[in-house]
Amino acid sequence: MRITYFLIGLIFVLTFLIGFNASVVAHEYELGVDEDEKYIWKCNVCDEDKMKDLFGSGWNANGTGLFEELEQNTRMKWLIEDTDNDIEIYNSETLEDEKFIQIIYKKWIWTKDDKWGDYDHENEFNLYKNPKNYDDDYIFPNFAPICLPFPIDDYLKNADLYDGYSIDARSIPTISCEIEKNDMKGDYPTEYIKIQAVYNDKGVLKSYKLYINDHRVIVDISLEEEFLFSPIIWMVLIPAIFLIFYLGLIYVVYKKLINN
Amino acid sequence: MRIKDRFLEIWAENKLFRYAVIIHLGYFVVSLICVLTILRDQNDFIIYFNAGGIFYNDINNLYDQKQYLWDYRYLPLSAMFFVPFYLLGFELGFIIFHILNLIINILICVYLYKVCVLVRGVDHEQNDKRIILYICFYLMSVAQMFNYLLGQINQIITLSILIALYMFIKYNTLKRQFLGGLILGISILIKPTAISMIPFLLIINLDFKRRKKLMIDFSISILRFLGAILPLSLNLILFFIYPKLWEGFVETNFTGSNPVTLNFSFSITKIILNFCYVYNIPFNQLYVLIAVLSTLTVIGFIIFIMGKFDKQHSIIYGLTIGMIVLLLGYYDSWNHHLLSLTPLLIIIIFNMPRHSKISDKIIQKSFFFFSFFDLAFMWFWFLQYMYFNFPYNFASTIFLVLILYGISKQSFSHEQDDKKYHSKIKTIREGDIKEQNI
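Chains as they are written, first to last, in my numbering: chain W, 4 to 263; chain Y, 4 to 441.
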């Protein structure tokens, strides 16, 4: 008898849940970044000659976004001035007002100086509010945007991106883009390239790697965390500490917790 | 009717069983509510649901990953299984699918019980309290909640493995051996988790020390093998008719970008790839996959062939080794995949001698780790990757390697154990006879 009541109750709950979900609303895409936040990226690897081979001599000219004046061992800074998740801007291509997600930021171009000094530009960074508005087979400038709205996977999957794009936000939001030789304007790139861009929990570019065949790195850019240690310590000591800590934790689980 | 009576009997007398059932039902209800509300757009069932729809409407685009939130990776015919759920609509489809998973979990418990009773060593307790205890742990396993929350299909694979195992062990007829292979093949058709079990279906043994002779039971081996391959081969027809499917399948599973993205997979292949990613070491993902998988398969096969397993029960160890090879070798091995391994560990616990050190120190501990602690390491991975960029989740890797080591140690020291084991059995039997005489 109790089981009968339980089943009847369950049917009620399920019916309620179906009704509750009958109208699922479309996603509102929103930025994860906020005003006054600053982001610093570091270029760990940049094979300038190879980049010139791949994309021509203008690969790091003015207006090339992430690549503008890119060199190995330099840093770039963004200071977010303002954000807007729903702004109408006149689009000169479609000749219509269209909705965008916008970031206004101050930018310090890639530099080897430790002191930042005055900013170089104040720029706008715009993404379509509706990802379906991107052109067919769209390739992002620099192949991956510096910032993306949430939910990242849904936003990107709704854009009609170039065939080589592959989105995986299952554990960490990641954009991979494989571009075959001569598949872009001007018969670039001159050989196969692959880009892997990883985003952090605010939707900001955390790691950017540009590879050629067999994952040989040509460009490696990473978001700089506010480190207390030198990069060598970061690359060697921290993994070692984590390795020991991890093994210790496994040992404790194995010896103490499971035994009890 | 007998199962129902037995259930009520255990319910009445076993407190832990009551807790396990209630906790499991808790997992079921909470996950149902979560998937239909907050996780409505972030679950695996939605991928299956879409795959069912694409299979039904436009099969050529089955591997067009733009159609999915996360990649659809399974064999093309597997999508056919999801068509009925697609036709029911997402909400009703998921509820039916979820209830089906619950029923399958009940059947898993039944078959797990049956196989444990079948293979249980003579020195184990002859009542079923300990088997029920382990089934309770299986039901309460945290991975069950994760599996339900994702709307995954691991239970179908687990049940198929258990039914196949039951047939292989219980019946010696060729028909049943073929049927067992066929059931395993169907499970691979739905999700290829058990694919690396196929080589271990052979009944093969190399007695290297004594006779240096390779013994193989051809008829049973071939029938099991054919049974497993037959459903898989049906995919070839689809690949032949729609060549685009083959390209998509290979790219999604082996050569594309998604298999190399950073994640918390605990496979050796993924750990190597993550290491190469962090330190900018050039790599070819396919070569790494082939190298790791073939090394593990060779090691596993050597253990399987040369180990002195009991002929009737060697299949248990073979299937377990096969599963471990896949979990350690393929790019993505997630926590919920372990739900297909833990029942095999329970069976091994009951098949090994009751006080075997290997069972105590390795198999049982691994079982508890996979059931209750593994998921914590996944969350830990997320937490520390966010702040410290340390992208390796190797806790489960250690336990999987330990199990492989434990099985090999057990199989190679079997001769020694055999003497002790048989003398122990003799003593127990003599005790029983004395008791009967009294």
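Just so it is clear, CB atoms sit at the ideal spot from N, CA and C, and this is done for glycine as well.
In this text, all values refer to a predicted model and were calculated from it rather than measured experimentally.
In terms of beta-carbon proximity, Y/Ala146 stays away from the interface with chain W, with every pair separated by 8 Å or more. Between the C-alpha atoms of Y/Arg43 and W/Asn76 there is a straight-line separation of about 44 Å.
Legend: CB atoms of the stretch 160 to 193 of chain W lying less than 7 Å from CB atoms of chain Y belong to residues Lys160, Ser169, Asp171, Arg173, Ser174, Ile175, Thr177, Ser179, Glu181. Secondary structure of Y/Glu12 (DSSP, three-state): helix. A residue is called buried when at least 16 other Cβ atoms come within 10 angstroms of its Cβ; Y/Gln129 does not meet this threshold and is exposed.
Going by C-alpha positions, W/Ile155 is about 7 Å away from W/Ala172. Chain W has no Cβ within less than 8 Å of the Cβ of Y/Phe100.
Taking a Cβ-Cβ cut-off of 7 Å, the neighbours of Y/Lys368 in chain W comprise Tyr257, Ile261, given in sequence order.
Its Cα nearest to that of Y/Thr345, the residue Y/Tyr137 stands out among Y/Leu28, Y/Tyr137, Y/Tyr174. By the rule that beta-carbons nearer than 8 Å mark a contact, Y/Ile401 touches chain W.
Only residues of its own chain outside the window of five on either side were considered, and among them Phe58 have a CB closer than 6 Å to the CB of W/Tyr191, listed in chain order. With a threshold of 8 Å between beta carbons, W/His218 makes contact with chain Y.
Annotation: Cβ neighbours of W/Asp156 in chain Y (cutoff 7 Å, chain order): Leu72. Taking C-beta separations shorter than 7 Å and ignoring five residues to either side along the sequence, the partners of W/Tyr158 in its chain run Tyr32, Pro134, Leu151, Pro152, following chain order. Look at Y/Met309 here: in three-state DSSP terms it is helix. The stretch 36 to 54 of chain Y makes no contact with the stretch 141 to 150 of chain W: fewer than 3 CB pairs, one atom from each, lie closer than 8 Å. Taking the Cα of Y/Gly56 as reference, the smallest distance to any Cα among Y/Leu91, Y/Lys364, Y/Leu35, Y/Ile189 is reached at Y/Leu91. Take Y/Tyr77, set aside five residues on each side of it, and the residues of its chain with a beta-carbon closer than 8 Å to its own are Ala54, Ile193, Lys194, Pro195, in chain order. At a beta-carbon threshold of 8 Å, the residues of chain W lying near Y/Met389 are Asn203, Asp204, ordered along the chain.
At least one beta carbon of chain Y lies nearer than 8 Å to the beta carbon of W/Phe245. Secondary structure note for W/Trp81: its beta strand (DSSP E) is the uninterrupted segment 78 to 94. Secondary structure note for W/Asn161: its alpha helix (DSSP H) is the uninterrupted segment 155 to 161. If you draw a straight line from the Cα of Y/Ile98 to the Cα of Y/Ile156, it is about 14 Å long.
By the CB criterion at 8 Å, Y/Ser416 and Y/Phe269 fall outside the cutoff.
Leaving aside the five residues that flank W/Asp89 on each side, the residues in its chain whose CB is nearer than 7 Å to its CB run, in chain order, Lys102, Lys132. By the C-beta criterion, the stretch 321 to 335 of chain Y is judged not to be in contact with the stretch 136 to 153 of chain Y, since fewer than 3 inter-stretch pairs fall below 8 Å. Of the candidates Y/Leu342, Y/Ser336, Y/Met389, Y/Leu342 places its Cα closest to the Cα of Y/Tyr151.
Y/Leu209 sits in a strand when the DSSP states are folded into three classes. Between W/His124 and Y/Pro285, the C-beta spacing is not below 8 Å. When DSSP states are grouped into helix, strand and coil, Y/Ser374 belongs to the helix group. Here Y/Gly183 is buried: its Cβ has 16 or more other Cβ atoms, across all protein chains shown, within 10 Å. Every unbroken stretch of the alpha helix (DSSP H) spanning 4 or more residues and falling wholly within the stretch 35 to 68 of chain W is given here in chain order: 51 to 58.
A direct Cα-Cα distance of roughly 7 Å separates Y/Ser362 from Y/Met355. Scanning its chain for C-beta atoms nearer than 8 Å, with the 5 sequence neighbours on each side dropped, one finds around Y/His127 the residues Arg133, Phe353, Arg357, in chain order. Counting of Cβ neighbours within 10 angstroms places W/Gly66 among the exposed residues, the total staying below 16. Counted as a single uninterrupted DSSP element, the alpha helix (DSSP H) harbouring Y/Ile349 occupies residues 345 to 354.
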